[in-house]
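Peer 1: The structure's right below; bear with me while I get my questions together.
There are 2 protein chains.
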Amino acid sequence: MIKMIALYKQPENKEVFDEHYFNVHAPITAKIPGLRKMKVTKIVGTPMGKESEYYLMCEMYYDSHEAFKEAMKTDEAKASGKDLMGFAGKLVTLMIGEEIDG
Amino acid sequence: MIKMIALYKQPENKEVFDEHYFNVHAPITAKIPGLRKMKVTKIVGTPMGKESEYYLMCEMYYDSHEAFKEAMKTDEAKASGKDLMGFAGKLVTLMIGEEIDG
C-alpha cells in the first residue's frame, strides 16, 4: 500500500476551513476511483504543549504507485485537485509515502 | 487513540540518517512504555513527480493524551528525545494528532 499525505498548515479561519474541508472537499476526494482508505487526523499541538504550525493531515491509501497514477487521471481526481487548490492551495503540502511498518 | 507524528526533512546524507534512524533511534523509541504502535513511512516524492522536502514520517500511537503525557515522563522517552535532538533536531517537526476517521 502507498499513501498520499496532505498536510495542511493552520488556516486563517478554522470554521471556514472545516466547513469546506468536511462538507465539500472530503466528499469529492472520497469518490476517487482506486482510493482504498482515507484517514483524517486533527493536529492538536506539539509535545512541548505549543500550537503546531499544522492543522490537519489526511492520508489516502492506494494499492500501488501504478494504481495511484491511474487514479490521478480520473475526472474525480481532477475535481478534487481543483477544489484543493481553490480553498487550500497555499496551506497544503502533498507527499507520496510508502509504509514500511505497521 | 492519539498519535505523535514525527516528520523529517531530507537529511544531508540519507545513508547516515537511515543507519542511525533504523538501528539506533527506532529501537530506543520502541521501548517507550505505553507506545501501542509505530508506523514508519518513507516519503518517495510528490504527486507532481518531484522530490519532497520531506524524507520520512513516523506515527506513534498511544491510548490517550493522558497516556501520552505519562509516557513522556519515562526514562525511555527522555532517552528517545535526547537521541532525536542529537541526530535530527534540525530536521524534525513533531505534532500531536487525533485521528477522526479510519
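Those protein sequence lines, which keep their order, are chains A and B. Those letters in the first sequence? Residues 1 to 102, by the numbering used here. Those letters in the second sequence? Residues 1001 to 1102, by the numbering used here. Beta carbons are placed, not taken as given, at the ideal position from N, Cα and C, and that holds for glycine. In this text, all values refer to a predicted model and were calculated from it rather than measured experimentally.
1. Is L35 of chain A closer than 7 Å to M60 of chain A when the C-beta atoms are compared?
2. Strictly below 7 Å CB to CB, what residues from chain A border S1052 of chain B?
3. Note the first and the last residue of the continuous beta strand (DSSP E) segment covering L94 of chain A.
4. Counting only C-beta atoms, is H1044 of chain B closer than 7 Å to chain A at any point?
5. With 7 Å as the threshold, decide whether the Cβ of P1011 of chain B is near any Cβ in chain A.
6. What does P27 of chain A touch in chain B if you count any residue whose Cβ is under 7 Å from its own?
7. Does the beta-carbon of A30 of chain A have 16 or more other beta-carbons within 10 angstroms, so that it is buried, or is it exposed?
8. Less than 7 Å between the C-beta atoms of A953 of chain B and L1094 of chain B, yes or no?
9. Under 7 Å between the Cβ atoms of K1009 of chain B and E1076 of chain B?
10. So I43 of chain A and G1081 of chain B are in contact, right, with Cβ under 8 Å, and what is the actual spacing, rounded?
Peer 2: The answer reads as follows:
1. Yes, Cβ-Cβ distance for M60 of chain A and L35 of chain A is below 7 Å.
2. For a Cβ distance threshold of 7 Å, residue set M95 of chain A lies close to S1052 of chain B, ordered along the chain.
3. From DSSP, the beta strand (DSSP E) with L94 of chain A extends over V92 to E99.
4. The identity of residue 1044 of chain B in the sequence shown is Val, whereas the question assumes His. So yes, V1044 of chain B belongs to the interface.
5. Nearest CB-CB separation between P1011 of chain B and chain A: not below the 7 Å threshold.
6. What P27 of chain A touches in chain B: nothing, since even the nearest Cβ is about 12 Å away.
7. exposed
8. Since the first and last residues shown for chain B are 1001 and 1102, residue 953 of chain B lies out of range.
9. no
10. With a Cβ gap of about 19 Å, I43 of chain A and G1081 of chain B do not count as contacting.
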